[in-house]
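Have a look at the structure below, then the notes.
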Amino acid sequence: MKYVSISALAGALGIFLGTFKVWRSDHHPPSAMVPPSQIPPHIPSRIGESVVSISRLDSDDEIERVVQKSLDAIGGLGKLISPGKRVVVKPAVLTSDRYCAPDPRVVAAVVKLVREFGGKVTVAESSGRGSSTAYNLSHVGITSAAEEAGAEVKSLDDEKPIRVEVPSGVSLREVLVYPTVLNSDVLISVPRLKRHISTTVTISLKNMMGAIPNSEKGRFHTLDLSQSIADLNTVIRPDISVIDGTSAMVRSGPTGGDMIKSKIIIASEDPVAADRIAALKLQEIEDEVGVPSRYRFDAANIRHIIAAGELGVGKCNLESIRII
């Protein structure tokens with residue numbers, strides 16, 4: 024395991040202080056850089072333990088109540104959201120397969136809670152390569168559910184990305200990011216609890232790949248994918264993760280796995296801790312349903328989660344995580 028270096032910590036601190044540079048993707052000279060003060064600091068300092076809530080539901084009719092319960096358990100949305108705040112809810116919608124996406128009712132529940140605090144909500148996503156994000160969002164039911172709850176729904180594919188430096192990156196030195204996500208005041212990651220053939224699991228941290236254009240998604244796969252995911256989260260770190268574990272995809276993923284009714288919602292302000300605990304729950308679910316040993320995984324040994332912890336994105340050590 025690679026431990027946190029002084030330079031990595033200094034890099035993470037530099038992001039928090041707003042010292043990193045951002046410039047448009049058409050490579051304008053430094054005079055055209057976006058002032059650091061306009062870039063929201065998505066990496067608060069991490070002191071003490073991180074809190075992760077796990078809430079069970081008996082039926083899908085309880086989704087809205089249990090989502091609120093999960094968020095209330097970690098302190099609620101009121102400490103982050105006030106009237107006029109730009110809030111991006113980022114579902115993980117890879118394809119038009121409903122089982123690959125979070126339940127629309129989970130997304131809608133988050134939107135409603137944000138609006139209760141006066142936040143201006145945008146549900147935004149960029150799906151996997153070779154598919155239409157707008158179609159996928161509509162087909163899985165998120166567009167109608169989110170709009171009915173009061174959100175704007177946006178395909179990020181229509182935006183011009185911004186090139187951002189990644190000062191503390193190990194695999195990445197710069198990355199293209201969609202401005203809707205980058206310029207949000209509050210970023211909420213809403214993935215489904217799933218396995219992934221390349222990264223073992225795909226939960227909150229990997230969901231941030233939907234905030235970058237397809238060219239970058241392809242580049243990540245030619246680099247060290249796990250490290251690139253961790254690096255990306257030093258630039259666009261979710262402020263809150265709400266993980267849809269009403270049903271989980273086991274054995275394989277992000278498509279083609281087996282769906283298991285798992286009946287949980289997981290929430291945290293720390294995306295690393297959220298993923299660490301969610302992966303542990305997914306491992307337990309696979310044990311309970313008897314997934315063959317050749318498909319099993321070790322929740323303590325998922326590279327992008329470990330790497331994100333090393334970069335200071337959040338807490339990976341179970342001793343530093345409190346489950347409620």
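Note that this note's numbering gives residue 283 to position 260 of the sequence shown, counting from 1, and the numbers run on in steps of one. Ideal Cβ positions, reconstructed from N, Cα and C, are used throughout, including at glycine.
query                                                                                                                         : result
Within 8 Å, strictly: CB atoms of Ser-212 and Lys-113                                                                         : yes
Pairwise C-alpha distance: Thr-145 and Asp-83                                                                                 : 24 Å
Per-residue DSSP class, three states only, for Thr-145                                                                        : strand
DSSP-derived helix/strand/coil call for Gly-279                                                                               : coil
Gly-151 (DSSP reduced to helix, strand or coil)                                                                               : coil
Proximity to Ser-238 [Cα-Cα], best of Ile-289, Lys-286, Arg-186, Leu-216                                                      : Arg-186
Segment limits, beta strand (DSSP E) that includes Val-74                                                                     : 73-79
Of the listed residues Gln-306, Pro-236, Ser-207, nearest to Lys-108 (C-alpha basis)                                          : Ser-207
Sequence-distant residues of its chain with Cβ nearer than 6 Å to Ser-194 (five each side left out)                           : Leu-246, Asp-247, Gln-250, Ser-251, Asp-254
Beta-carbon proximity of Ile-165 to Pro-214, cut-off 8 Å                                                                      : no
Check whether Glu-309 and Val-273 have beta carbons under 8 Å apart                                                           : yes
DSSP state of Lys-183 mapped onto helix, strand, coil                                                                         : coil
Chain-order list of residues whose beta-carbon lies under 7 Å from that of Arg-319 (same chain, five-residue window excluded) : Glu-309
Pick from Arg-326, Thr-269, Met-232 that is closest to Thr-222, judged by C-alpha positions                                   : Arg-326
CB contact check: Ala-301 to chain B, cutoff 8 Å                                                                              : Absent from the structure is chain B; it holds one protein chain and no more.
Any 3 or more C-beta pairs closer than 8 Å across the segment 188-204 and the segment 153-168                                 : no
Residue range of the unbroken beta strand (DSSP E) whose run includes Ile-165                                                 : Note, Ile-165: premise wrong, no beta strand (DSSP E); alpha helix (DSSP H) at 165-172.
Environment of Arg-218 [buried if 16+ CB atoms lie within 10 Å]                                                               : buried
Ser-227 and Ser-270 closer than 8 Å at C-beta                                                                                 : no
Buried versus exposed, by CB contacts within 10 Å (16 or more), Ile-220                                                       : exposed
Contacting residues, own chain, Cβ-Cβ under 6 Å from Val-258 (five flanking each side not counted)                            : Val-187, Val-189
Backbone CA spacing between Phe-43 and Leu-80 [nearest angstrom]                                                              : Because Phe-43 carries a pLDDT of 35, less than 50, the predicted location of this residue cannot be relied on, and the following value inherits that uncertainty. So the two alpha carbons sit approximately 42 Å from each other.
CA nearest to the CA of Ser-78, picked from Ser-291, Cys-339, Gly-337                                                         : Ser-291
Which of helix, strand or coil DSSP assigns to Leu-128                                                                        : Per the sequence presented here, residue 128 reads as Arg, with Leu not at that position. Correct three-state label for Arg-128: helix.
Beta strand (DSSP E) segments (min. 3 residues) lying fully within the segment 180-258                                        : 185-188, 197-200, 209-213, 215-219, 223-225
Beta carbon of Val-312 nearer than 8 Å to that of Ile-344                                                                     : no
Residue range of the unbroken beta strand (DSSP E) whose run includes Pro-114                                                 : 109-114
Three-state secondary structure (DSSP) of Ala-271                                                                             : strand
Rounded straight-line distance, which links the Cα of Pro-106 to that of Pro-277                                              : 36 Å
Exposure label - Asp-321; buried when at least 16 CB within 10 Å                                                              : exposed
Same chain, Cβ closer than 8 Å to Val-89, five either side skipped, listed in chain order                                     : Ser-78, Arg-79, Leu-80, Ile-288
Alpha carbon of Glu-139 to alpha carbon of Lys-102, nearest angstrom                                                          : 13 Å
Limits of the unbroken beta strand (DSSP E) element including Ile-346                                                         : 344-346
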